[in-house]
Amino acid sequence: MQPVYTSENTHAAYQLNWSLSLFGKDELPAPSTWREILRSRTEADGVRILTVDAPRPSVVQFFVSTRPDLSPSDVVRSVKGRLQYLVRDQLAKAFRRNHHIQSLGEATSRVLDQYVAGQPAKHPMADRLVQARIEAYQFHDEAVDLAKPSAGTYGQFLNALQIVLENSEGWCEVREPQLKRVRDVIVGAARKKAWSLSRVGLLSNHLHILLGVSVTESPQMVALSIMNNIAYVYEMKPILKFSYYAGTIGGYDRGAIRRRVE
Numbered sequence: 035m036q037p038v039y040t041s042e043n044t045h046a047a048y049q050l051n052w053s054l055s056l057f058g059k060d061e062l063p064a065p066s067t068w069r070e071i072l073r074s075r076t077e078a079d080g081v082r083i084l085t086v087d088a089p090r091p092s093v094v095q096f097f098v099s100t101r102p103d104l105s106p107s108d109v110v111r112s113v114k115g116r117l118q119y120l121v122r123d124q125l126a127k128a129f130r131r132n133h134h135i136q137s138l139g140e141a142t143s144r145v146l147d148q149y150v151a152g153q154p155a156k157h158p159m160a161d162r163l164v165q166a167r168i169e170a171y172q173f174h175d176e177a178v179d180l181a182k183p184s185a186g187t188y189g190q191f192l193n194a195l196q197i198v199l200e201n202s203e204g205w206c207e208v209r210e211p212q213l214k215r216v217r218d219v220i221v222g223a224a225r226k227k228a229w230s231l232s233r234v235g236l237l238s239n240h241l242h243i244l245l246g247v248s249v250t251e252s253p254q255m256v257a258l259s260i261m262n263n264i265a266y267v268y269e270m271k272p273i274l275k276f277s278y279y280a281g282t283i284g285g286y287d288r289g290a291i292r293r294r295v296e
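For reference, each letter of the sequence shown is one residue, going 35 to 296 in this note's numbering.
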């Protein structure tokens, strides 16, 4: 069965930010000696370095933005690999194997959780029975904490995302069997892929999904997988628009980065 939604035919709106910390084996060269050239090199990989900070001589922290086709692992590979190449004459093996990378957004995961939880009330249906039906098919797992990093092979990571999908041509789905199937297929896909699914805000014409995924999965990979699972509910018909929104979230927001820089 061929996927309906692919990276070639589906467009993304996105705001994807990451905080990355690298740890040197010894004192690292000052960021002023490599910052600008590293920015130009990682930009070619789809990783834009927004700020660089060195809180200790052997630690360097980056605030970056990325394209949706890149995973946190890709970010580490780009920044760490290219920086190692730039400082190779001073330090042949500059970095320890461990690192810390985590997602963050304009709002914290807690704020966004409240926002998604309030979507049915924000977009009420005229028919009370339909409204009650939609409210009944929301999903929330209180045990999932999208602010807490996980332990990976080479350090800690947090890859928490908000995915927003919209029905095509203004279609409003209010049929109970279909609403249930859409919710259940998202929950089932998350379970199969070992995603940490926090919320599904299911509405008649669009939906919000909050979840945590592995360090090697990109927002694009996650969004397309969900979209094609929903298409399966409708016999592989393109019920959704050929577009999605992907945003990063986490335990703190971009304001914390801006305040630290200031």
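Each residue gets a CB set at the ideal place from its N, CA and C atoms; glycine is no exception.
Where Ser248 sits in the DSSP three-state scheme: coil
Extent of the continuous alpha helix (DSSP H) to which Ala223 belongs: 210-226
Best match in Gln136, Gln118, Gln172 for proximity to Leu62 [C-alpha to C-alpha]: Gln118
Arg144 to Gly58 span [Cα, whole Å]: 33 Å
As assigned by DSSP and simplified to three states, the class of Thr313: Nothing about residue 313 can be read from this structure; the chain reaches only from 35 to 296.
For Asn201: DSSP bridge partner residues: Leu274
Option nearest Thr171 by Cα separation, candidates Glu207, Leu213, Glu203: What sits at residue 171 in the sequence shown is Tyr, not Thr. Looking at the Cα atoms, Leu213 is the closest of the given residues.
Per DSSP, the bridge partner or partners of Trp229: None, per the DSSP bridge assignment.
Beta-carbon proximity of Val178 to Leu245, cut-off 9 Å: yes
Contact under 9 Å by Cβ, Phe96 with Trp68: no
Proximal residues to Tyr286 (C-beta, below 7 Å), its chain only, five neighbours per side dropped: Leu138, Thr142
Option in Ser74, Asn239, Glu176, Ser105 with minimal Cα separation from Val208: Asn239
Nearest candidate by alpha-carbon position, reference Asn201, set Lys275, Met270, Gln124: Lys275
Alpha-carbon to alpha-carbon, Val94 and Ser105: 20 Å
Cβ contact (3+ pairs, closer than 8 Å) linking the segment 100-116 and the segment 161-171: no
Cut-off 6 Å between Cβ atoms - residues of its own chain near Leu125, not counting five sequence neighbours on either side: none
Assigned secondary structure, Gly115 (DSSP; H/G/I helix, E/B strand, else coil): helix
Bridge partners - His240, DSSP secondary structure assignment: Glu200
Beta-carbon proximity check, Tyr278 vs Val219, cutoff 9 Å: no
Anticipated Cβ contact below 8 Å, Leu192 with Gly284, distance rounded: 5 Å
CB of Pro253 within 9 Å of CB of Tyr48, strictly: yes
Supposed contact pair Asp175 and Leu231 - C-beta distance, whole angstroms, cut 8 Å: 6 Å
Assigned exposure category for Asp60 - 16 Cβ within 10 Å defines buried: exposed
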